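K.L.:
Right, here's the structure in full:
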């Protein structure tokens, strides 16, 4: 009984310790949600696969601080985004604007779909044309012979 | 469709070759190139105040080319780069200002760093990395090449080799 009680308490303690650890992806709770909403639209320059809201890199922390200060100064979201674009270029935005080189990012999927549709249309058109050609090539004699063969089971019974 | 397979091979081969010729996608161009360098003034680290004053930075009308080097004591490539910068500072100190910006660091660690490598070119302290963000930096080390008119000529991300550093020096002295 003592052993069972000890194991149970040990397991409970480990579980408590595990749950007490904060998730490594949890952003530090030091700014308002609006700061993280704007930072979520910006890329972290160091950890480029993460947003400035998620990253714990020093630059991202400072970016969040800058966003908080500019919000306190009454600047709008668009102004804050322009602040970072001015220093890092369009690359810093997770949704690049539709202009210049980034225009292709928006257009290439549409082009791809267009090419796919065109390819399918051409393939189906070719198949249909080939079917019509084959049908018109069959002579009257062959049609009669085929009809005769189709009727042959009736003669047997 | 497979009837014209040589054409497909040539097309894919050409695409592959074009892909190889493209520049490194990780090398992001700085939007500051060709624009005036952002002005700033920051406190110098203690050992440099006797020689350079309390603060230092980039101002308009400096009349001297600047190599702005963003570094941190916790940065491993910065330790390889520091002796190189010091050697070039000794050689070109009259013509080019090599100015270090210590970012996101503690002042004690920064002092230990410059003492360890015997750095005599000035470094300012940017504890929160604000000036680094003004320049749009991605990490440390990073070097901005600024001509005597105050225009940013180039941004070098990562560690500098001697050939690269010499190339930048010759570029600003031209």
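Chains as they are written, first to last, in this note's numbering: chain A, 1 to 157; chain B, 1001 to 1174.
Idealized CB from N, CA, C, for every residue including glycine.
A quick note: this is a predicted structure, and the numbers were derived from the prediction, not measured.
1) Could you tell me which chain B residues have their CB closer than 9 Å to the CB of residue 59 (chain A), listed as they occur along the chain?
2) DSSP has residue 1089 (chain B) in a bridge; who is on the other side?
3) What does residue 1007 (chain B) reach in chain A if we use C-beta pairs closer than 9 Å?
4) When the Cα of residue 1147 (chain B) is compared with those of B:1005, B:1169 and B:1158, which residue comes out closest?
5) Just the chain A side, please: which residues come within less than 7 Å of residue 1028 (chain B) by C-beta, in chain order?
6) Hey, how far is the Cα of residue 1127 (chain B) from the Cα of residue 1012 (chain B)?
7) Could you tell me which chain B residues have their CB closer than 9 Å to the CB of residue 94 (chain A), listed as they occur along the chain?
8) Bridge partners of residue 1126 (chain B), per DSSP?
9) Find the nearest neighbour of residue 1124 (chain B) within the set B:1070, B:1158, B:1038 and B:1065, judged by alpha-carbon distance.
10) Under 8 Å, Cβ to Cβ, is there at least one residue of chain B near residue 87 (chain A)?
11) Can you tell me which of B:1048, B:1075, B:1089 and B:1080 puts its alpha carbon nearest to the alpha carbon of residue 1068 (chain B)?
12) Taking the continuous beta strand (DSSP E) assigned at residue 1040 (chain B), which residues delimit it?
13) So, is the C-beta of residue 1124 (chain B) closer than 8 Å to a C-beta in chain A?
14) So which of B:1094, B:1160, B:1155 and B:1060 has the shortest CA-CA distance to residue 1030 (chain B)?
15) Alpha carbon to alpha carbon, how far is residue 1094 (chain B) from residue 86 (chain A)? Give it in angstroms, no decimals.
16) Using only alpha-carbon positions, find the residue among B:1113, B:1063, B:1106 and B:1109 that is nearest to residue 1086 (chain B).
17) Give me, in chain order, the residues of the same chain whose beta-carbon lies closer than 8 Å to that of residue 25 (chain A); leave out the 5 immediate sequence neighbours on both sides.
18) Please return the same chain residues whose Cβ sits closer than 6 Å to the Cβ of residue 1073 (chain B), not counting the five positions on each side in sequence.
19) Since residue 949 (chain B) is in the beta strand (DSSP E), which residue starts that stretch and which ends it?
20) Contact criterion: CB-CB distance below 8 Å. Does residue 147 (chain A) meet it with respect to chain E?
21) For residue 1036 (chain B), does the three-state DSSP call read helix, strand or coil?
22) Select from the region 50 to 75 of chain A all residues with a C-beta closer than 9 Å to any C-beta belonging to chain B, and list them in chain order.
23) Identify the contact partners of residue 46 (chain A) in chain B, using a Cβ-Cβ distance below 7 Å as the criterion.
24) Straight-line CA distance for residue 41 (chain A) to residue 1054 (chain B)?
25) With a cut-off of 8 Å, does the C-beta of residue 1033 (chain B) fall near any C-beta of chain A?
26) Enumerate in chain order the residues of its own chain whose CB-to-CB distance from residue 1036 (chain B) is below 7 Å, with the five nearest sequence positions on each side excluded.
27) Would you kindly work out how many angstroms separate the C-alpha atoms of residue 76 (chain A) and residue 34 (chain A), rounded to a whole number?
28) Under three-state DSSP, which class holds residue 1150 (chain B)?
29) Compute the Euclidean distance between the alpha carbons of residue 89 (chain A) and residue 11 (chain A), then round it to the nearest angstrom.
30) Considering only DSSP beta bridges, list what residue 1005 (chain B) is partnered with.
31) Measuring only the C-alpha atoms, how far is residue 91 (chain A) from residue 51 (chain A)?
32) Hey, residue 1032 (chain B) and residue 1135 (chain B) are a contact pair by Cβ (cut 8 Å); roughly how many whole angstroms apart?
P.N.:
This is what the structure holds:
1) As a working note, residue 59 (chain A) is residue 59 in the first chain. Near residue 59 (chain A) (Cβ distances below 9 Å), the residues of chain B are 1103, 1104, 1129, 1132, 1133, 1137, 1138 and 1139.
2) The count along the second chain starts at 1 and reaches residue 1089 (chain B) at position 89. DSSP lists no partner for residue 1089 (chain B).
3) For the purposes of this step, residue 1007 (chain B) is taken as the residue at position 7 of the second chain. Here the premise fails: no neighbours, minimum Cβ distance about 16 Å.
4) For this step, residue 1147 (chain B) is matched to residue 147 along the second chain. It is B:1169 whose Cα lies nearest to the Cα of residue 1147 (chain B).
5) Translated into positions along the second chain, residue 1028 (chain B) becomes position 28. Simply 91.
6) For the purposes of this step, residue 1127 (chain B) is taken as the residue at position 127 of the second chain. For the purposes of this step, residue 1012 (chain B) is taken as the residue at position 12 of the second chain. Between residue 1127 (chain B) and residue 1012 (chain B), the C-alpha separation is close to 51 Å.
7) Reading the first chain from its first residue, position 94 is the one you call residue 94 (chain A). Near residue 94 (chain A) there are no residues of chain B at all, since even the closest Cβ is about 15 Å away, more than 9 Å.
8) Here residue 1126 (chain B) refers to the residue found at position 126 when the second chain is read from its first residue. According to DSSP, residue 1126 (chain B) bridges with B:1103.
9) The sequence position of residue 1124 (chain B) within the second chain is 124, counting from 1. Answer by Cα proximity: B:1070.
10) Here residue 87 (chain A) is taken as the residue at index 87 of the first chain, counted from 1. At least one chain B Cβ lies under 8 Å of residue 87 (chain A).
11) The residue labelled residue 1068 (chain B) in the question sits at position 68 within the second chain. Selection B:1048, B:1075, B:1089 and B:1080 evaluated against residue 1068 (chain B) yields B:1089 as nearest (Cα-Cα).
12) The count along the second chain starts at 1 and reaches residue 1040 (chain B) at position 40. From DSSP, the beta strand (DSSP E) with residue 1040 (chain B) extends over 1040 to 1043.
13) Here residue 1124 (chain B) refers to the residue found at position 124 of the second chain. The beta carbon of residue 1124 (chain B) sits no closer than 8 Å to any beta carbon of chain A.
14) Along the second chain, read from residue 1 onward, the residue named residue 1030 (chain B) stands at position 30. The candidate whose alpha carbon is nearest that of residue 1030 (chain B) is B:1155.
15) As a working note, residue 86 (chain A) is residue 86 in the first chain. As a working note, residue 1094 (chain B) is residue 94 in the second chain. The alpha-carbon atoms of residue 86 (chain A) and residue 1094 (chain B) are separated by roughly 33 Å.
16) In the second chain, the residue the question calls residue 1086 (chain B) occupies position 86. That would be B:1113, whose Cα lies nearest to the Cα of residue 1086 (chain B).
17) By one-based count along the first chain, residue 25 (chain A) stands at place 25. Caution is warranted here: a pLDDT of 49 is assigned to residue 25 (chain A), below 50, making its placement in the model unreliable, and the coordinate value is therefore given only provisionally. 54, listed in sequence order.
18) Here residue 1073 (chain B) refers to the residue found at position 73 of the second chain. Excluding residues within five positions, the ones whose Cβ falls inside 6 Å are 1105, 1109, 1110 and 1113.
19) Here chain B has residues from 1001 to 1174 only, and residue 949 (chain B) is not among them.
20) This model lacks chain E altogether; the protein chains it does include are A and B.
21) Stepping through the second chain from its first residue, residue 1036 (chain B) is reached at position 36. Note: residue 1036 (chain B) maps to strand in three-state DSSP.
22) Residues 57, 58, 59, 61, 62, 63, 65 and 66.
23) For the purposes of this step, residue 46 (chain A) is identified with residue 46 of the first chain, where counting begins at 1. Per Cβ cutoff of 7 Å: 1138 and 1139.
24) As a working mapping, residue 41 (chain A) is identified with position 41 in the first chain. As a working mapping, residue 1054 (chain B) is identified with position 54 in the second chain. C-alpha separation (whole angstroms): 39 Å.
25) Sequence index remark: in the second chain, residue 1033 (chain B) carries index 33 (1-based). Judged by the 8 Å Cβ criterion, residue 1033 (chain B) is not in contact with chain A.
26) Start at 1 with the first residue of the second chain, and residue 1036 (chain B) comes out as number 36. Excluding five sequence positions before and after residue 1036 (chain B), the CB atoms of its chain that fall closer than 7 Å to its own CB belong to 1150 and 1151, given in chain order.
27) Translated into the one-based positions of the first chain, residue 76 (chain A) becomes position 76. Translated into the one-based positions of the first chain, residue 34 (chain A) becomes position 34. Cα to Cα, residue 76 (chain A) sits roughly 11 Å from residue 34 (chain A).
28) In the second chain, counting from the first residue as 1, residue 1150 (chain B) sits at position 150. Looking at residue 1150 (chain B) - three-state DSSP - the assignment turns out to be coil, as it is neither helix nor strand.
29) In the first chain, residue 89 (chain A) corresponds to position 89, counting from 1. In the first chain, residue 11 (chain A) corresponds to position 11, counting from 1. Residue 89 (chain A) and residue 11 (chain A): Cα-Cα distance of roughly 52 Å.
30) Taking the first residue of the second chain as 1, we reach residue 1005 (chain B) at position 5. As computed with DSSP, residue 1005 (chain B) is found in no beta bridge at all.
31) Residue mapping note: residue 91 (chain A) aligns to position 91 of the first chain, counting from 1. Residue mapping note: residue 51 (chain A) aligns to position 51 of the first chain, counting from 1. Whole-angstrom Cα-Cα distance: 12 Å.
32) Here residue 1032 (chain B) refers to the residue found at position 32 when the second chain is read from its first residue. Here residue 1135 (chain B) refers to the residue found at position 135 when the second chain is read from its first residue. That belief holds up - the Cβ atoms of residue 1032 (chain B) and residue 1135 (chain B) are roughly 6 Å apart, short of 8 Å.
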